[in-house]
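*Asks:* Just passing along the structure, written as structure tokens.
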Amino acid sequence: MYLTSLVHREKLFRIAERWLCGRLEPDDGQEITRILICDGFVLAEVLEWVAKRLLAKIYEGPVRQQRIRFKGQLRDTICRAGAFERDSSARALLRQYEENPDFFYREAPVNGTVCLDERGRLLGFYRIKRPRRIAEKANRYIANWIFRMVQNRARQMAEERALRLGVPVDRLLTPEKEMLEEFVAAEESIARKFSDGSIELDRNAMTIDDVGGIKVIADPDRLTRLETALGEDGLVRVVDKENYWGGYRATSLVLEAGWDREEIARRYEECRGWERYVRRGIPEQELRKGFRRFLEDAEPTLRLELILSTFPDLVESEFGQAIHEKRILAQRDNRTYKGNIPVNVEFLIEYLFAVGFSPQTRVDRLPIKLWGRYLPDTVIGCIRNLYSIPEDDLLM
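Counting from 504, one number per residue, gives the positions in the sequence shown under the numbering used here.
The following block contains the structure:
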């Protein structure tokens, strides 16, 4: 996984690459923890700065910010903002929420901030994607990449068999059982490449641009003005664009933003940033020193996703048939390739993040190998161990 919202993304990518090949180095746990502390702070600061910059381009007056931890808080905020909305479909969806709010995944966790004007209208919000969601996305990306490799290897095996039989490959009739055996053999071949470290990960296929995300809510005219203004902005630039149609409508932009090392280091000291991280296994004395030296080899830019949406489309995406959590569940169910390897990728990446957020910075062994088979209980138990939570067995 190559997380462009992080400023030490290359370091983290190399660690993840080694872990996927089963290679652990003694200081990996500490290095992961330092990266997630430093890069998490940088990302949070840049997200706030970019969000304020964007909103100032289309809204006048002060912006009030409010931290949220659960989706219910976001949906309550949207519901209150609905008092300013005239769209009948949006108002009908909001009434459904008011009648049965618990039906709308209220307890889903989120690490975000909502932005409101003086009247309480919702102008936008921003969030940092949670580790579990990053692991799921890494699963999908690497699954697609591996699936293409497995398909190519299976096709190559079919071509070799056609050559031995002296028939064109397009006229080769292969029994379904034999096709399955070839596919399994191809998958095992890929697994061996991970095991012996000969595989080379495709950074482009594993790039994730939306660990940090912003959503701006406005009428179509304001959204058009914002896009135009971004084209003229010297500090934030658009590097990609995609329009969503179907269940709900929105425009997705990938932004690249620079940041100031000295300003970030100063902010860390001013707000006593180390107090957020004292339970991460790094001594408080070291955290108090700041991370000026650690920032020396950081990337000068990072990327964020910006979603442009009208209020009715926001309501559809949070309360309608295209509700966000249903899309997540659909992504889990509709994977093209569901072999052991991508599942193990998800387990291992989730464990990697758990190491970085836990009080434990020493990792003695990798509990997940891509060429093995594991139950979800395995990674759950390993994460519990990072927090020194004993396994309770009623029969013992």
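For every residue, glycine included, the Cβ atom is placed at its ideal position computed from N, Cα and C.
This one's a predicted model, so the numbers in the text were calculated from it and none came from an experiment.
Using C-beta distances below 7 Å, list every residue in its chain close to Tyr608, excluding the 5 sequence neighbours before and after it, in chain order.
*Replies:* Stepping through the sequence shown from its first residue, residue 608 is reached at position 105. Taken in chain order, the residues that qualify are Lys574 and Glu828.
*Asks:* Threshold first: 4 residues or longer. Then list the alpha helix (DSSP H) segments lying entirely within the stretch 543 to 616, N to C.
*Replies:* 574 to 584 and 591 to 602
*Asks:* Using a C-beta cutoff of 8 Å, does Gly623 count as contacting chain C?
*Replies:* The structure shown contains no chain C; it holds only a single protein chain.
*Asks:* Are Ser861 and Gly784 touching if we call contact CB-CB under 8 Å?
*Replies:* Counting from one through the sequence shown, the residue named residue 861 turns up at place 358. Counting from one through the sequence shown, the residue named residue 784 turns up at place 281. Against a cut-off of 8 Å, the Cβ pair of Gly784 and Ser861 comes out as a contact.
*Asks:* State buried or exposed for Arg578, treating a residue as buried only when at least 16 other CB atoms are found within 10 Å of its CB.
*Replies:* The residue labelled residue 578 in the question sits at position 75 within the sequence shown. Burial state of Arg578 is buried, judged by a 10 Å Cβ sphere holding 16 or more other Cβ atoms.
*Asks:* In the DSSP assignment, what are the bridge partners of Cys618?
*Replies:* The count along the sequence shown starts at 1 and reaches residue 618 at position 115. For Cys618, which the question treats as bridged, DSSP gives the partners Gln568 and Gly627.
*Asks:* Which residue marks the beginning of the beta strand (DSSP E) containing Ile892, and which one marks its end?
*Replies:* To locate residue 892, count along the sequence shown from 1; it is residue 389. First-last for Ile892: undefined, no H or E at that position.
*Asks:* Just to confirm my understanding: we take Ala833, look at its own chain, exclude 5 residues before and 5 after, and list those with CB closer than 7 Å. What are they?
*Replies:* In the sequence shown, residue 833 corresponds to position 330, counting from 1. No residues qualify anywhere along the chain.
*Asks:* Quick one: grab the DSSP three-state call for Thr536.
*Replies:* Position 33 of the sequence shown, counted from the start, is the residue given in the question as residue 536. Helix, per DSSP.
*Asks:* With DSSP run on the structure shown, which of helix, strand or coil describes Glu745?
*Replies:* By one-based count along the sequence shown, residue 745 stands at place 242. Looking at Glu745 - three-state DSSP - the assignment turns out to be strand.
*Asks:* What is the rounded straight-line gap between the Cα of Arg667 and the Cα of Glu684?
*Replies:* By one-based count along the sequence shown, residue 667 stands at place 164. By one-based count along the sequence shown, residue 684 stands at place 181. Answer to the nearest angstrom: the Cα atoms are 18 Å apart.
*Asks:* Along the beta strand (DSSP E) that carries Thr908, what are the first and last residues, could you check?
*Replies:* Here the chain has residues from 504 to 899 only, and residue 908 is not among them.
*Asks:* Output the distance between the C-alpha atoms of Lys841 and Glu681, rounded to the nearest integer angstrom.
*Replies:* Here residue 841 refers to the residue found at position 338 of the sequence shown. Here residue 681 refers to the residue found at position 178 of the sequence shown. Each residue's Cα considered, the two are about 19 Å apart.
*Asks:* Please classify Ile535 as buried or exposed, where buried requires at least 16 neighbouring CB atoms within 10 angstroms.
*Replies:* For this step, residue 535 is matched to residue 32 along the sequence shown. Buried.
*Asks:* Is DSSP giving Glu735 helix, strand or coil here?
*Replies:* In the sequence shown, residue 735 corresponds to position 232, counting from 1. Coil at Glu735, not helix or strand.
*Asks:* So what does Ala825 bridge to, in DSSP terms?
*Replies:* Numbered from 1 along the sequence shown, position 322 holds the residue referred to as residue 825. In the DSSP assignment, no residue is bridged to Ala825.
*Asks:* Which word fits Val687, buried or exposed, when buried means at least 16 other C-beta atoms lie within 10 angstroms of its C-beta?
*Replies:* Within the sequence shown, numbered from 1, the residue matching residue 687 stands at position 184. Exposed is the call here.
*Asks:* Quick one: residues in its chain with C-beta nearer than 8 Å to the C-beta of Leu458, no 5 flanking neighbours on either side, listed in chain order?
*Replies:* No answer is possible for residue 458: it lies beyond the span of the chain, which begins at 504 and ends at 899.
*Asks:* To the nearest angstrom, how far is the alpha carbon of Ile702 from that of Ile518?
*Replies:* One-based indexing of the sequence shown puts residue 702 at position 199. One-based indexing of the sequence shown puts residue 518 at position 15. Going from the Cα of Ile702 to the Cα of Ile518 covers about 14 Å.
*Asks:* Restricting to Cα atoms, I'd like to know which of Asp590, Ser592 and Leu597 is closest to Arg583.
*Replies:* Residue 583 sits at position 80 when you count from the first residue of the sequence shown. Answer by Cα proximity: Leu597.
*Asks:* Between which residues of its own chain and Thr804 is the CB-CB distance below 7 Å, once the five residues before and five after are set aside?
*Replies:* Within the sequence shown, residue 804 is the residue found at index 301, counting from 1. Around Thr804: Glu759, Ala760 and Gly761.
*Asks:* Which of the three DSSP states is assigned to Ser820 in this structure?
*Replies:* Within the sequence shown, the letter at position 317 stands for residue 820. It is helical.
*Asks:* Can you say whether Thr813 is buried or exposed, counting buried as having 16 or more other CB atoms within 10 angstroms of its CB?
*Replies:* Here the question's residue 813 lines up with position 310 in the sequence shown. Classification of Thr813: buried, given that the 10 Å Cβ count is 16 or more.
*Asks:* For Tyr877, does the three-state DSSP call read helix, strand or coil?
*Replies:* Position 374 of the sequence shown holds residue 877. Reduced to three states, the DSSP call for Tyr877 is coil.
*Asks:* Around the Cβ of Gly734, are there at least 16 other Cβ atoms within 10 angstroms (buried) or fewer (exposed)?
*Replies:* By 1-based counting over the sequence shown, the position of residue 734 is 231. The residue in question, Gly734, is exposed, as its Cβ has fewer than 16 Cβ neighbours within 10 Å.
*Asks:* If you count every other CB in all the chains shown that lies within 10 Å of the CB of Asn642, and 16 or more means buried, which is it?
*Replies:* Here residue 642 refers to the residue found at position 139 when the sequence shown is read from its first residue. It is buried - the Cβ of Asn642 has at least 16 other Cβ atoms within 10 Å.
*Asks:* Going by C-alpha to C-alpha distance, which of Ile581, Val714, Leu558 and Asn707 sits closest to Arg635?
*Replies:* As a working mapping, residue 635 is identified with position 132 in the sequence shown. It is Val714 whose Cα lies nearest to the Cα of Arg635.
*Asks:* Is there contact here, the stretch 743 to 751 with the stretch 520 to 530, by at least three beta-carbon pairs under 8 Å?
*Replies:* No, the stretch 743 to 751 is not in contact with the stretch 520 to 530.
*Asks:* Going by C-alpha to C-alpha distance, which of Arg796, His511, Gln533 and Leu798 sits closest to Ala857?
*Replies:* Taking the sequence shown and counting its residues from 1, the one referred to as residue 857 is at position 354. Here the closest residue by C-alpha is Gln533.
*Asks:* In the DSSP assignment, what residue or residues form a beta bridge with Tyr505?
*Replies:* Numbered from its first residue, the sequence shown carries residue 505 at position 2. For Tyr505, which the question treats as bridged, DSSP gives the partners Thr710.
*Asks:* Contact between the stretch 639 to 654 and the stretch 843 to 851: three or more CB pairs below 8 Å?
*Replies:* Touching, yes, given that three or more Cβ pairs across the two stretches are closer than 8 Å.
*Asks:* Would Val553 and Leu626 be called neighbours here (beta carbons separated by less than 8 Å)?
*Replies:* Within the sequence shown, residue 553 is the residue found at index 50, counting from 1. Within the sequence shown, residue 626 is the residue found at index 123, counting from 1. Cβ atoms of Val553 and Leu626: not closer than 8 Å.
*Asks:* Expressed to the nearest angstrom, what Euclidean distance is found between the alpha-carbon atoms of Gln599 and Pro879?
*Replies:* In the sequence shown, the residue the question calls residue 599 occupies position 96. In the sequence shown, the residue the question calls residue 879 occupies position 376. If you take the alpha carbons of Gln599 and Pro879, they lie about 35 Å apart.
*Asks:* If we ignore side chains and look at the alpha-carbon of each, how far apart do Asp763 and Arg806 end up?
*Replies:* Reading the sequence shown from its first residue, position 260 is the one you call residue 763. Reading the sequence shown from its first residue, position 303 is the one you call residue 806. Roughly 15 Å between the two C-alpha positions.
*Asks:* Would you say the stretch 651 to 663 touches the stretch 603 to 623, given that touching needs at least three Cβ pairs under 8 Å?
*Replies:* no
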